[in-house]
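Chemist:
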Amino acid sequence: FIMAFDGIVIANLAKELNSQLSELRKIKRQYENGDQELKEAITNISHDLRTPLTAIWGYLDLLEKKDLSEDERRYVEQIRSRSESLKQLTEELFRYSVISSTPEMCYENVNICRVLEETIISFEGALHNVNIVPEITLPSNPVQRKLDSTALTRIFSNVINNAIKYSDGNLVITLKEDATIIFANTASKLSAVEVGKLFDRFYTVDSARKSTGLGLSIAKLLTERMGGMIAAEFDNEMLSIKIKFQDR
């Protein structure tokens, strides 16, 4: 009886997840058209999805502790994977809608070197998990610009996340005195065509299917909003993302 109940619960969870994913994909396609009302709707939907997602994760934790059959275990793994994808997409859609709808920035004199160091430290565990030991070159003198420190942290975080997804195992980070920041890594699985689309909203490549395709779009939006520039170059399998902030 218990096994049958577990099977029903798993089937219902899978059905509900498929329905939510289908609806979210539909919304994503509409969102690409830039409808402002839709942006507001996505913000609300993203909030609303967090509660059922939390409940689903709780049920999955309970199910994984039970003695499941091989098929049921496989279904639970699929639900876990789909839930994680839905969670990531929901979070990124929410962030993008908030950022794109809120042009205000809180500008202050920011030590770019300090923000970069703090961001790298926050990714120490994630980098270690993929066996990346970053090579970091920083100038001896502070590099300061009038920027929004929170936005700058988000930019650096999204670019480092991109490196974690696509790097072959290396990451070179360089900050120059003219406020140029370069993130370079070998990315043999990418092509020049794919690199050219990295900043497009919702664009992902096959090697990163769990990606929402919004990370670098957000980085580009924030960089340009603060008067900076960001670009990607690809040469001899080396991906370089360059960010530059003008002195003002």
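Just so we're aligned, residue 7 is where the sequence shown starts under our numbering, counting upward by one.
Even for Gly, the Cβ is constructed at its ideal location relative to N, Cα and C.
If you're wondering where the values come from, they're calculated on a predicted model, not measured in any experiment.
1. Is the distance from the Cβ of L66 to the Cβ of V82 below 8 Å?
2. Rounded to a whole number of angstroms, what is the C-alpha to C-alpha distance between M244 and V121?
3. Applying the 10 Å Cβ sphere with the 16-neighbour rule, what's the burial state of S223?
4. Alpha carbon to alpha carbon, how far is Q256 from V116?
5. Is it right to say V165 is buried, meaning 16 or more other beta carbons lie within 10 angstroms of its own, or is it exposed?
6. From E200 to G221, what does the alpha carbon distance come to, in whole angstroms?
7. To the nearest angstrom, how far is it from the Cα of L92 to the Cα of N191?
8. Buried or exposed: A61, going by 16 or more other Cβ atoms within 10 Å of its Cβ?
9. Verify the contact flag: K71, CB atom, against every heavy atom of the ligand MN, threshold strictly below 7 Å.
10. May I ask you to report which of helix, strand or coil DSSP gives R215?
11. Could you check which residue in E123, L228, N137 has the C-alpha nearest to that of I249?
12. Helix or strand or just coil, what does DSSP make of S223?
13. What is the DSSP secondary structure of L177, counted as helix, strand or coil?
14. Which residue's Cα is closest to the Cα of S197: K226, N242, V178?
Modeler: Looking at the coordinates:
1. Along the sequence shown, one-based indexing puts residue 66 at 60. Along the sequence shown, one-based indexing puts residue 82 at 76. In contact: L66 and V82 (Cβ atoms closer than 8 Å).
2. Position 238 of the sequence shown, counted from the start, is the residue given in the question as residue 244. Position 115 of the sequence shown, counted from the start, is the residue given in the question as residue 121. Whole-angstrom Cα-Cα distance: 25 Å.
3. Here residue 223 refers to the residue found at position 217 when the sequence shown is read from its first residue. By the Cβ-count criterion, S223 is buried, with 16 or more other Cβ atoms from all chains shown falling within 10 Å of its own Cβ.
4. Here the chain comprises residues numbered 7 to 254, so residue 256 is not present and cannot be evaluated.
5. To locate residue 165, count along the sequence shown from 1; it is residue 159. Answer is buried; the Cβ neighbour count reaches 16.
6. Counting from one through the sequence shown, the residue named residue 200 turns up at place 194. Counting from one through the sequence shown, the residue named residue 221 turns up at place 215. It is roughly 15 Å from the alpha-carbon of E200 to the alpha-carbon of G221.
7. Counting from one through the sequence shown, the residue named residue 92 turns up at place 86. Counting from one through the sequence shown, the residue named residue 191 turns up at place 185. A direct Cα-to-Cα measurement between L92 and N191 gives close to 28 Å.
8. By 1-based counting over the sequence shown, the position of residue 61 is 55. With a 10 Å radius around the Cβ and a threshold of 16 neighbouring Cβ atoms, A61 comes out exposed.
9. Among the components modelled here there is no ligand, and therefore nothing to report on the ligand MN.
10. As a working note, residue 215 is residue 209 in the sequence shown. Confidence at R215 is low in this model, with a pLDDT of 45, below 50, so its placement is unreliable and no value can be given for it.
11. The residue given as residue 249 occupies position 243 in the sequence shown. Comparing Cα-Cα distances from I249 to each of E123, L228, N137, the minimum goes to L228.
12. On the sequence shown, residue 223 is found 217 positions in, with the first residue counted as 1. S223: helix per DSSP, three-state reduction.
13. Stepping through the sequence shown from its first residue, residue 177 is reached at position 171. Coil.
14. As a position in the sequence shown, residue 197 is number 191, starting the count at 1. The shortest C-alpha separation from S197 is found at N242.
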